[in-house]
Amino acid sequence: MDSAVLEASLYTVKAIAILDNDGERVVAKYYDDTYQTTKEQKEFEKNLFNKTHRANAEIIMLDGLTCVYRSNVDLFFYVMGSSNENELILVSVLNAFYDAISQLLRKNVEKRGLMDNLDGVVSILDEIVDGGVILESDASSILQRVAIKSDDVPITEQTVAQVLQTAKDQLKWSLLK
Amino acid sequence: MQYLRRDKKDEEDGSQSNPFQNLDKSAVLQEARTFNETPINPRKCIHILTKILYVLNQGQHLGTTEATEAFFAMTKLFQSKDVMLRRMVYLAIKELANIAEDVIIVTSSLTKDMTGKEDMYRASAIRALCKITDSTMLQGIERYLKQAIVDKNASVSSASLVSALHLMKPNYDVVKRWVNEAQEAVSSDNTMVQYHALGLLYHVKKTDRLAVSKLIFKYIKQSLRSPYAVCMLIRIASKYLDEEPEVVDTPVYDFLESCLRHKSEMVIYEAARALVNLKNLKSRDLCPAISVLQLFLSSPRPTLRFAAVRTLNKVAMTQPMSVTTCNLDLENLITDVNRSIATLAITTLLKTGNEGSVDRL
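Quick mapping for you: the protein sequence lines, in order, are chains F and U.
Numbered according to the numbering used here, the first sequence spans residues 1 to 177.
Numbered according to the numbering used here, the second sequence spans residues 1 to 361.
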């Protein structure tokens with residue numbers, strides 16, 4: 001048996017990705033040279049998507065990587081680490097990522113909204129992992145660092161649809177409380 | 001303004017689910033010329049920067065000349081005080097750092113931001129700055145980075161610790177001079193700062209066995225607050241123990257054992273895994289770790305079940321007898337909805353089971 005004792009390192013996350021329900025990349029970030037070219041990365045993503053989009057299983061081993069994932073409506077969130085990585089640490093990163101985005105999108109985690117807030121999404125991604133090192137794993141601290149003010153659009157610049165949506169959301173959440 | 005109106009129209013249509021679909025690289029780079037306009041329109045510029053980041057993220061290749069051109073246009077945006085815009089600029093700097101030429105042009109702007117009053121800027125500026133810095137320039141900013149490591153603001157401190165780690169490979173001799181600051185940061189109240197500081201210390205010292213042992217003995221006595229930091233320490237400690245002939249009854253072993261009763265599952269699992277992997281441990285000493293993993297086997301969370309069964313599977317290869325106590329729980333996992341868990345459970349049982357139980361499978 002090869003040495004099972006892990007090398008202690010801050011480099012924990014190998015990749016992080018969001019795919020849509022066709023398995024296409026929405027955003028993805030690779031932190032080491034496991035997959036050097038875009039072509040290899042996209043092949044891996046396709047493979048990953050095929051293995052995970054039906055089974056709601058939370059964790060899978062693929063190509064010698066441990067992949068943890070979560071899905072919602074039309075989006076799939078993935079965090080990849082080495083096969084020797086502590087799976088629970090990877091899940092904590094995944095949860096932080098998902099929760100921060102969910103708060104950014106005010107719980108409407110779907111592709112449409114995500115695309116409209118892509119600047120926020122890439123900023124969140126940047127605050128969670130830096131070059132493979134977990135930078136922050138608490139969703140509210142992440143949002144604080146990103147400085148997302150959810151109401152920064154003046155009311156005159158909002159469309160009728162947006163205003164209605166905001167009103168609906170607020171009503172919904174006040175009722176659910 | 002015209003541009004905003006067009007955006008609104010798209011939204012009202014509601015048909016287009018991806019406003020970034022089929023973006024043409026050259027059209028986006030063309031748009032980057034807007035950065036030269038005064039006054040700067042932050043919303044519009046943020047949108048263009050987002051497009052550039054999206055194009056890069058999709059894996060489209062940018063040539064050196066076009067990247068450099070976009071990069072230089074972007075430097076104009078430092079004139080705006082908009083927080084969101086500045087963040088996007090930092091992000092774009094980091095993405096273009098390896099493609100564009102003469103990126104050091106933004107050094108002074110970033111140094112100004114990192115030493116300025118606005119906390120919102122400082123952490124991100126440090127990270128961007130370290131990305132474009134080379135060995136010769138590092139001397140110039142070393143003083144600021146050392147200060148930033150012990151900064152009161154957690155995000156500033158974390159940013160500089162993590163950046164120091166990235167800088168370490170080409171600049172080991174510089175970074176190793178920062179251990180005093182890193183040591184101070186380990187006692188931070190912020191859990192992430194503690195984790196990053198301990199990690200950096202270990203990365204600096206890992207080739208020196210004596211220094212590592214000192215590090216371990218120092219921090220196993222002092223209880224670390226961050227679960228991530230404890231996991232890190234467990235890993236350092238188990239690697240150290242693996243090279244010792246006598247394991248049981250040492251303070252380091254006691255530390256690992258005590259981590260089995262930690263309140264965070266992440267730490268409990270890390271400790272159990274470290275213990276079962278120690279090569280000089282007798283099978284009876286495995287019991288506490290095995291029973292922790294056994295508990296995880298019946299967790300409702302798939303990840304915990306997966307983690308436990310995978311670790312037990314490894315143990316079963318060398319010490320099948322120690323795993324037999326878990327056979328009943330393993331049999332329950334054969335029908336698990338997660339196929340990986342089911343497969344691992346079966347292969348483990350094949351190693352631990354006797355004739356009768358294997359037949360039942």
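Yeah, the Cβ is synthetic: ideal placement off N, Cα and C, and Gly gets one too.
Within-7 Å CB hit, residue i to chain F
i, result
"Ala-345/U", "no"
"Met-192/U", "yes"
"Tyr-269/U", "yes"
"Leu-23/U", "no"
"Val-83/U", "yes"
"Ser-340/U", "yes"
"Arg-86/U", "no"
"Thr-38/U", "no"
"Asn-18/U", "yes"
"Asp-7/U", "Reliability of the predicted coordinates at Asp-7/U is poor, the pLDDT of 48 falling under 50, and the value obtained from them is presented with this limitation in mind. No - not a single Cβ of chain F is within 7 Å of the one on Asp-7/U."
"Met-321/U", "no"
"Met-120/U", "yes"
"Leu-91/U", "yes"
"Gly-116/U", "no"
"Gly-199/U", "yes"
Under 7 Å by beta carbon: chain U residues contacting residue i
i, result
"Ala-8/F", "Tyr-202, Met-232, Arg-235, Ile-236 and Lys-239"
"Ile-60/F", "Ser-340"
"Leu-16/F", "Strictly speaking, residue 16/F in this sequence is Ile, with Leu absent from that position. Those within 7 Å of Ile-16/F in chain U number zero; the least Cβ separation is about 12 Å."
"Val-133/F", "Val-162 and Leu-165"
"Asp-63/F", "Here the premise fails: no neighbours, minimum Cβ distance about 13 Å."
Residue i at chain U interface by Cβ criterion, 7 Å
i, result
"Leu-105/F", "no"
"Thr-156/F", "With a pLDDT of 49 at Thr-156/F, under the threshold of 50, the predicted position of this residue should be treated as unreliable, though the coordinate-derived value follows. Judged by the 7 Å Cβ criterion, Thr-156/F is not in contact with chain U."
"Arg-145/F", "yes"
"Glu-110/F", "no"
"Gly-81/F", "no"
"Ala-96/F", "no"
"Ala-167/F", "no"
"Asp-2/F", "Reliability of the predicted coordinates at Asp-2/F is poor, the pLDDT of 40 falling under 50, and no value is obtained from them."
"Asp-32/F", "no"
"Ala-57/F", "yes"
"Ser-150/F", "Because Ser-150/F sits at a pLDDT of 45, beneath the cut-off of 50, its placement in the model cannot be relied upon, and the following sentence gives the value as read from the coordinates. No, no contact with chain U."
"Asp-119/F", "yes"
"Asp-99/F", "no"
Cβ separation of residue i and residue j, assumed to be a contact under 8 Å, to the nearest whole Å
i, j, result
"Val-265/U", "Leu-304/U", "Sequence inspection shows Glu at residue 265/U; the Val mentioned does not correspond to that position. Yes, Glu-265/U and Leu-304/U are in contact; Cβ-Cβ is about 7 Å, under 8 Å."
"Ile-16/F", "Leu-135/F", "With a Cβ gap of about 12 Å, Ile-16/F and Leu-135/F do not count as contacting."
"Val-13/F", "Gly-132/F", "5 Å"
"Asp-74/F", "Asp-20/F", "6 Å"
"Ser-157/U", "Arg-127/U", "Wrong, their Cβ atoms sit about 12 Å apart, outside the cutoff."
"Val-252/U", "Leu-260/U", "Wrong, their Cβ atoms sit about 14 Å apart, outside the cutoff."
"Arg-112/F", "Gln-58/U", "Contact doesn't hold; Cβ gap of about 18 Å is too wide."
"Leu-138/U", "Ala-125/U", "With a Cβ gap of about 16 Å, Leu-138/U and Ala-125/U do not count as contacting."
"Val-309/U", "Ala-147/F", "Val-309/U to Ala-147/F, Cβ: 42 Å. No contact."
"Val-179/U", "Leu-167/U", "With a Cβ gap of about 14 Å, Val-179/U and Leu-167/U do not count as contacting."
9 Å Cβ cut-off: residues of chain F touching residue i
i, result
"Ala-73/U", "Residues of chain F passing the Cβ test: none, with the nearest at roughly 18 Å."
"Ile-48/U", "Per Cβ cutoff of 9 Å: no residues; Ile-48/U is ~10 Å from chain F at best."
"Val-337/U", "Ala-55, Asn-56 and Ala-57"
The ligand GTP heavy atom lying under 6 Å from the CB of residue i
i, result
"Ile-220/U", "Within the structure as shown, the ligand GTP is missing, as the structure has no ligands at all."
Closer than 8 Å at the beta carbon, the chain U residues around residue i
i, result
"Gln-41/F", "Gly-59"
"Glu-136/F", "Ser-155, Ser-158 and Met-192"
"Ala-28/F", "Asn-57"
"Val-91/F", "Thr-303"
"Arg-54/F", "The contacting residues do not exist; Arg-54/F stays about 11 Å from chain U at best."
"Val-188/F", "The requested residue 188/F is not part of the displayed model; chain F covers only 1 to 177."
Contact list for residue i against chain F, beta-carbon separation under 8 Å
i, result
"Glu-265/U", "Leu-88"
"Tyr-228/U", "Ile-89, Ile-134 and Ser-137"
"Ala-123/U", "Arg-145"
Chain F contact residues for residue i, given Cβ-Cβ distances below 7 Å
i, result
"Leu-53/U", "Val-122"
"Phe-306/U", "Ile-59 and Glu-87"
"Arg-127/U", "Asp-130"
Cross-chain neighbours of residue i in chain U, by beta carbon under 9 Å
i, result
"Thr-38/F", "Gln-58, Gly-59, Gln-60 and His-61"
"Asp-126/F", "Arg-87, Tyr-90, Leu-91, Lys-94, Ser-124 and Arg-127"
Could I get the ranges of all uninterrupted beta strand (DSSP E) runs contained in the region 64 to 103 of chain F, with 3 residues as the minimum, in chain order? Counting whole runs of 3 or more residues, the region 64 to 103 of chain F contains the beta strand (DSSP E) stretches 65 to 72 and 75 to 82.
Count the C-beta pairs between the region 346 to 355 of chain U and the region 64 to 77 of chain F that are closer than 8 Å, then say yes if the count reaches three, no if not. At 8 Å Cβ cutoff, the stretches do not touch.
Tell me, please, whether the region 229 to 238 of chain U touches the region 184 to 204 of chain U by the rule of three or more beta-carbon pairs shorter than 8 Å. In short, these stretches touch, since the Cβ pair count reaches three.
Which ranges would you report for the beta strand (DSSP E) in the region 168 to 248 of chain U if only whole runs of at least 3 residues count? Within the region 168 to 248 of chain U, no complete beta strand (DSSP E) run reaches 3 residues.
Could you pull out every unbroken alpha helix (DSSP H) segment of at least 4 residues lying fully inside the region 43 to 91 of chain U, listed in chain order? DSSP runs (the alpha helix (DSSP H)) wholly in the region 43 to 91 of chain U: 64 to 75.
Every unbroken beta strand (DSSP E) within the region 240 to 302 of chain U, with a cutoff of 3 residues, ordered by chain: Segments of the beta strand (DSSP E) lying fully in the region 240 to 302 of chain U: there are none.
Stretch pair the region 300 to 314 of chain U + the region 46 to 59 of chain F: three plus CB contacts closer than 8 Å: Yes: the two stretches touch, three or more of their Cβ pairs being nearer than 8 Å.
For the region 63 to 77 of chain U and the region 19 to 33 of chain U, state whether three or more C-beta atom pairs, one from each stretch, are separated by less than 8 Å. The region 63 to 77 of chain U, when compared against the region 19 to 33 of chain U, does touch it at the 8 Å Cβ threshold.
Below 8 Å, can you find three or more Cβ-Cβ pairs linking the region 115 to 124 of chain F to the region 337 to 348 of chain U? Because the criterion of three Cβ pairs below 8 Å is not met, the region 115 to 124 of chain F and the region 337 to 348 of chain U do not touch.
State whether the region 84 to 92 of chain F contacts the region 266 to 281 of chain U, with contact taken as three or more CB pairs (one from each stretch) at a distance under 8 Å. Result yes; three or more Cβ-Cβ pairs closer than 8 Å.
Could you check whether the region 48 to 57 of chain U touches the region 92 to 110 of chain U, counting it as contact only if at least three pairs of C-beta atoms, one from each stretch, sit closer than 8 Å? Segment contact: the region 48 to 57 of chain U against the region 92 to 110 of chain U, three or more CB-CB distances shorter than 8 Å; contact assigned.
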